[in-house]
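S.K.: Please find one structure pasted underneath; my questions will follow.
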Amino acid sequence: DTEVTQTPKHLVMGMTNKKSLKCEQHMGHRAMYWYKQKAKKPPELMFVYSYEKLSINESVPSRFSPECPNSSLLNLHLHALQPEDSALYLCASSQERSGGSRQPQHFGDGTRLSIL
Amino acid sequence: SQQGEEDPQALSIQEGENATMNCSYKTSINNLQWYRQNSGRGLVHLILIRSNEREKHSGRLRVTLDTSKKSSSLLITASRAADTASYFCATDFYQGGSEKLVFGKGTKLTVNP
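Protein chains in written order, with my numbering: chain A, 3 to 118; chain B, 163 to 275.
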């Protein structure tokens, strides 16, 4: 079992639907991340939240809207997605730097999203 | 692109053999990390090596780093069928007050029983 929980595990939606992906961690991590991963490709960073504030947006289209309601939760709101947005969406969390040392990221198992 | 390149893209070996995967990157780094991803699952952190380190061990894993060649290698000794997975190297960068990881293209390892 992973320490980062993502729901739902699978999601099929039409291009006009609105849905949300959810991510939760209880490790006290203050940095949280959304990644998009296409088949047989590496994860690509979408957003980074640090202390519940958006710190990095990798020029992601506005049809993806992140939200960090508190230090344990991270949402990704989806609206008017395109078929090419079908992918595995991964959430991750990490501690902030400790004494200058980089901390590893802990990943959830992802939400597999299919856009019809 | 900051993205690293792993080679080989795919590797198939027999149980008990050693597996070596290589990663090259383009810019100066602070740290380099290796992650494993089982099919349909999230990534699992394996090992982190700092830019001032040359070699690091963790169980059956051995990672080397050559900053002059901008390359790293991951060696898995005495492989097991359970090691079958994709392996990614990742370099981290500081941007906008936060750190971000950029993953290499990955090596798909198959360990045959």
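Glycine is no exception: its CB is placed at the ideal position from the N, C-alpha and C atoms. A quick note: this is a predicted structure, and the numbers were derived from the prediction, not measured.
Taking only three categories from DSSP, how would you classify Gln257/B?
M.R.: DSSP places Gln257/B in strand when its eight states are reduced to three.
S.K.: With a cut-off of 7 Å, does the C-beta of Ser52/A fall near any C-beta of chain B?
M.R.: With 7 Å as the cut-off, Ser52/A counts as an interface residue toward chain B.
S.K.: Do the CB positions of Phe246/B and Thr272/B come within less than 7 Å of each other?
M.R.: The sequence given here places Thr at residue 246/B; Phe does not occur at that position. Yes, these two residues count as a Cβ contact at 7 Å.
S.K.: Please report how far the alpha carbon of Lys43/A lies from the alpha carbon of Tyr37/A, in whole angstroms.
M.R.: One C-alpha to the other measures close to 12 Å.
S.K.: How should His108/A be labelled, buried or exposed, when 16 other C-beta atoms within 10 angstroms of its C-beta is the threshold for buried?
M.R.: Under this definition His108/A is a buried residue.
S.K.: With a cut-off of 7 Å, does the C-beta of Pro10/A fall near any C-beta of chain B?
M.R.: No - not a single Cβ of chain B is within 7 Å of the one on Pro10/A.
S.K.: Given this structure, state the Cα-to-Cα distance separating Asp169/B from Ala33/A, to the nearest angstrom.
M.R.: So the two alpha carbons sit approximately 31 Å from each other.
S.K.: Does the distance from the C-beta atom of Asn192/B to that of Ser220/B stay below 7 Å?
M.R.: For Asn192/B and Ser220/B, no; Cβs fall outside 7 Å.
S.K.: Could you tell me whether the Cβ atoms of Gln199/B and Ser248/B are closer together than 7 Å?
M.R.: Cβ atoms of Gln199/B and Ser248/B: closer than 7 Å.
S.K.: Is the beta carbon of Leu236/B sitting closer than 7 Å to the one on Met183/B?
M.R.: Yes; because the gap between Cβ atoms is below 7 Å, this pair is in contact.
S.K.: Note the first and the last residue of the continuous beta strand (DSSP E) segment covering Met17/A.
M.R.: Run containing Met17/A: none; DSSP gives neither H nor E here.
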